[in-house]
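Heads up: the sequence lines are chains A and B, in that order. Take the first sequence: its letter number 90 is residue 90 in my numbering, and every next letter is one higher. Each number in my numbering comes from the position in the second sequence (counting from 1) with 292 added on. All residues carry an ideal CB built from backbone N, CA and C; glycine is no exception.
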Amino acid sequence: MTTDVQGAPAPGTDIAYVDPTRRALSQKRARKNALSGILSLFAFLFIICFIVSRTPGWATVQETFFNYEEFVKTLPGLLEAFLLNIRIFLIAEPLILILGLAVALARTLKSPIFLPIRVIATLYVDIFRGIPTILVIFLLGFGIPALRLVGVPNDAVFWGTTALVLSYGAYVAEVFRAGIGSVHGSQTMAARSLGLNMWQTNRHVVLPQAIRNVIPPLLNDFISLQKDTALIAVLGPIEVLRQAQIDTSSSFNYTPYVGAALLFILLTIPMTRFADWIQLRTMKQRRIAGTS
Amino acid sequence: MTADTLLHVEGVWKAFEGHPVLRGLDLEVERHQAVVLIGASGSGKSTVLRCINGLVPVDAGLITLDGEIEVTSLDVDLDVVRRRVGIVFQSYNLFPHMTVLENIALAPRKVLGQSKAQADETAYSLLTRFGLHAKADDYPDRLSGGQAQRVAIVRALAMEPELMLFDEVTSALDPTLVGEVLQVVRDLKLAGLTMVMATHEMHFAREVADTVCFLRDGMVHEQGPPELIFSQPSKPETREFLARILDK
Numbered sequence: 001m002t003t004d005v006q007g008a009p010a011p012g013t014d015i016a017y018v019d020p021t022r023r024a025l026s027q028k029r030a031r032k033n034a035l036s037g038i039l040s041l042f043a044f045l046f047i048i049c050f051i052v053s054r055t056p057g058w059a060t061v062q063e064t065f066f067n068y069e070e071f072v073k074t075l076p077g078l079l080e081a082f083l084l085n086i087r088i089f090l091i092a093e094p095l096i097l098i099l100g101l102a103v104a105l106a107r108t109l110k111s112p113i114f115l116p117i118r119v120i121a122t123l124y125v126d127i128f129r130g131i132p133t134i135l136v137i138f139l140l141g142f143g144i145p146a147l148r149l150v151g152v153p154n155d156a157v158f159w160g161t162t163a164l165v166l167s168y169g170a171y172v173a174e175v176f177r178a179g180i181g182s183v184h185g186s187q188t189m190a191a192r193s194l195g196l197n198m199w200q201t202n203r204h205v206v207l208p209q210a211i212r213n214v215i216p217p218l219l220n221d222f223i224s225l226q227k228d229t230a231l232i233a234v235l236g237p238i239e240v241l242r243q244a245q246i247d248t249s250s251s252f253n254y255t256p257y258v259g260a261a262l263l264f265i266l267l268t269i270p271m272t273r274f275a276d277w278i279q280l281r282t283m284k285q286r287r288i289a290g291t292s
Numbered sequence: 293m294t295a296d297t298l299l300h301v302e303g304v305w306k307a308f309e310g311h312p313v314l315r316g317l318d319l320e321v322e323r324h325q326a327v328v329l330i331g332a333s334g335s336g337k338s339t340v341l342r343c344i345n346g347l348v349p350v351d352a353g354l355i356t357l358d359g360e361i362e363v364t365s366l367d368v369d370l371d372v373v374r375r376r377v378g379i380v381f382q383s384y385n386l387f388p389h390m391t392v393l394e395n396i397a398l399a400p401r402k403v404l405g406q407s408k409a410q411a412d413e414t415a416y417s418l419l420t421r422f423g424l425h426a427k428a429d430d431y432p433d434r435l436s437g438g439q440a441q442r443v444a445i446v447r448a449l450a451m452e453p454e455l456m457l458f459d460e461v462t463s464a465l466d467p468t469l470v471g472e473v474l475q476v477v478r479d480l481k482l483a484g485l486t487m488v489m490a491t492h493e494m495h496f497a498r499e500v501a502d503t504v505c506f507l508r509d510g511m512v513h514e515q516g517p518p519e520l521i522f523s524q525p526s527k528p529e530t531r532e533f534l535a536r537i538l539d540k
């Protein structure tokens with residue numbers, strides 16, 4: 001490696017100087033690395049495909065799970081049914097955030113008057129974190145309509161969504177609680193010593209920092225929620241899993257299940273990348289602030 | 293207690309998990325006075341300050357503010373006390389998610405009910421007074437330690453406290469940044485603010501204090517005007533402490 005000492009600016013000049021020869025070389029090296037990575041990946045994929053397609057059972061597997069005609073035939077129906085999953089998700093998500101935050105805040109109340117609220121909030125989290133989500137869906141979705149109560153909806157989607165909200169609300173409440181705990185006590189002390197009361201301290205000092213700290217785990221829970229909208233299938237509404245089941249049972253071909261899986265993956269991948277990006281950004285910010 | 297007494301501390305006891313830190317401490321602060329607390333680490337300097345604004349509840353004893361508010365009463369509204377007593381900590385404790393201006397304007401708006409315009413204006417003029425106006429829209433992570441601590445002082449001042457407590461405000465700072473923070477304290481003293489200050493900066497204590505209190509074993513072991521305490525301390529423990537710290 002040759003270093004161009006001659007071309008450098010005068011020592012002490014206020015610029016971020018990088019030797020151009022050095023820069024060119026390291027860029028060239030980076031391009032070479034990227035190229036060999038891609039080549040290696042393609043070679044690997046080719047070998048895998050070659051081996052798999054030579055296996056004796058491959059034709060049957062392809063016919064049963066990756067049938068192109070079946071895929072094209074069922075996709076429009078699956079897509080339409082998938083809209084219901086997205087709708088459930090979009091309705092449930094904000095409700096879960098509100099419920100989770102409210103429960104987390106209720107558990108921080110200190111005054112003895114609020115003891116009943118604190119007890120209820122704690123019980124709620126203990127109970128709904130303990131019950132499998134699908135059991136809550138069965139209980140509410142089949143149980144409540146069976147009561148034949150006047151003025152209470154019998155809609156399966158309504159009760160399924162409610163069950164998801166209750167189940168995830170308990171998880172999200174714990175995420176928020178951990179976030180509140182992650183804000184250093186000296187912040188509360190500083191706010192209180194300025195004369196802010198407990199509520200003002202929470203509202204303006206603790207919560208903004210707590211929420212920022214828990215965005216990555218919250219996104220994680222929402223990726224999980226996107227998938228769990230399929231659990232509502234057990235109650236009967238035609239969402240994507242139910243639709244795939246119907247298609248499959250009429251043709252005895254499992255391609256619609258693969259199609260449904262593909263739709264879920266397409267929905268969760270952007271969210272996963274977004275969560276990764278947020279996490280990276282948070283880490284960088286903390287490093288700049290020198291707090292980690 | 294005279295008519296000029298702003299803070300009266302009498303027989304205050306405080307223990308943490310059975311370890312006594314304050315053992316019947318008395319302290320008197322008159323209006324416009326600067327009282328400096330010196331003493332070894334663990335002698336109770338920080339604890340007294342935290343008791344005075346109610347951050348730490350006392351185990352026994354009496355603290356009154358302005359002869360009318362009994363800080364140590366179990367029924368006192370501590371938010372009222374804290375509106376009148378400002379405190380600045382060793383570790384700044386600025387709010388990292390707010391700009392410098394927002395840090396300063398928060399309490400005047402939420403606690404004193406000032407309008408945003410009014411609170412911002414006060415904050416700006418205080419920042420200008422201490423040469424920090426260029427930092428108004430920066431977040432705390434962009435500040436040096438000295439700037440952060442000056443902002444923390446301004447934040448407390450914006451509440452117009454009658455009494456300011458400084459809890460080793462220069463101990464976390466790089467030595468080159470101590471001067472700018474002490475200059476702010478010096479200005480406030482000249483402006484007539486009443487203050488109680490725990491510090492290890494003996495030269496500064498000597499310069500700015502009206503009364504120096506040497507704390508030992510959770511009590512005020514010896515107190516007096518700085519020229520007396522620093523030149524001819526009457527107790528051997530005071531002499532020993534000063535010799536040790538001034539030697540460094």
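- In the DSSP assignment, residue 390(B) falls outside any alpha helix (DSSP H), carrying neither H nor E.
- Taking 8 Å as the CB threshold, residue 463(B) stays off the interface with chain A.
- Its Cα nearest to that of residue 105(A), the residue 203(A) stands out among 261(A), 203(A), 270(A), 154(A).
- The beta carbons of residue 162(A) and residue 140(A) sit closer together than 8 Å.
- Distance from the CA of residue 350(B) to the CA of residue 512(B), rounded to the nearest whole angstrom, comes to 17 Å.
- Just so you know, the alpha carbons of residue 210(A) and residue 20(A) end up roughly 45 Å apart.
- In this structure residue 420(B) is exposed. Its beta-carbon is surrounded by fewer than 16 other beta-carbon atoms within 10 angstroms.
- Residue 435(B) has a beta carbon lying at 8 Å or more from every beta carbon in chain A.
- The CB of residue 186(A) comes closer than 8 Å to the CB of 381, 383, 385 in chain B, given here in chain order.
- Along the region 176-201 of chain A, going in chain order, the ones with a CB nearer than 9 Å to a CB of chain B are 184, 186, 187, 189, 190, 191, 192, 193, 194, 195, 196, 197, 200.
- When C-beta distances to chain A are compared with 7 Å, every residue of the region 350-368 of chain B stays at or above that value.
- Against chain A, the CB of residue 428(B) has no partner CB under 8 Å away; the residue lies outside that interface.
- Residue burial annotation: residue 152(A) is exposed, with fewer than 16 other C-beta atoms found within 10 angstroms of its C-beta.
- For the region 209-226 of chain A, the residues whose beta carbon sits under 9 Å from a beta carbon of chain B are, in order, 209, 212.
- Chain A places no beta carbon closer than 8 Å to that of residue 326(B), leaving this residue out of the contacts.
- The C-alpha of residue 201(A) is placed about 35 Å away from the C-alpha of residue 504(B).
- DSSP places residue 513(B) inside the beta strand (DSSP E), whose first and last residues are 511-516.
- DSSP, reduced to helix, strand and coil, places residue 396(B) within a helical segment of the structure shown.
- In summary, residue 294(B) is exposed, with fewer than 16 beta-carbon neighbours lying within 10 Å of its beta-carbon over all protein chains present.
- CA-CA distance, residue 277(A) to residue 335(B), rounds to 49 Å.
- Assignment of beta-bridge partners to residue 486(B) by DSSP yields 455(B).
- Secondary-structure assignment with DSSP links residue 508(B) through a beta bridge to 511(B).
- Residue pairing for residue 311(B): DSSP places it in a beta bridge opposite 308(B).
- For residue 215(A), the closest C-alpha among the options 283(A), 231(A), 197(A), 88(A) is that of 283(A).
- Just so you know, the alpha carbons of residue 23(A) and residue 31(A) end up roughly 12 Å apart.
- For residue 403(B), the chain A residues whose Cβ falls inside 9 Å of its Cβ are 194, 195, 196, 197, 200, in order along the chain.
- Residue 300(B) sits in a strand when the DSSP states are folded into three classes.
- The beta-bridge partner set that DSSP reports for residue 326(B) consists of 487(B).
- Contact between residue 235(A) and residue 137(A) is confirmed by a C-beta separation of about 7 Å, below the 8 Å threshold.
- When DSSP states are grouped into helix, strand and coil, residue 355(B) belongs to the strand group.
- For residue 374(B), the chain A residues whose C-beta falls within less than 8 Å of its own C-beta are 192, 193, 194, 195, listed in chain order.
- Listed in chain order, the non-local C-beta contacts of residue 326(B) below 6 Å within the same chain comprise 481, 487, 500, 501, 502, local neighbours out to five positions each way being set aside.
- Close to chain A, meaning a Cβ-Cβ distance shorter than 8 Å, are the following residues of the region 446-461 of chain B: 447, 448, 451.
- Residue environment analysis places residue 269(A) among the exposed positions, since fewer than 16 neighbouring C-beta atoms fall within 10 angstroms of its C-beta.
- When DSSP states are grouped into helix, strand and coil, residue 371(B) belongs to the helix group.
- A check of alpha carbon separations from residue 376(B) across 398(B), 403(B), 443(B), 352(B) identifies 403(B) as the nearest.
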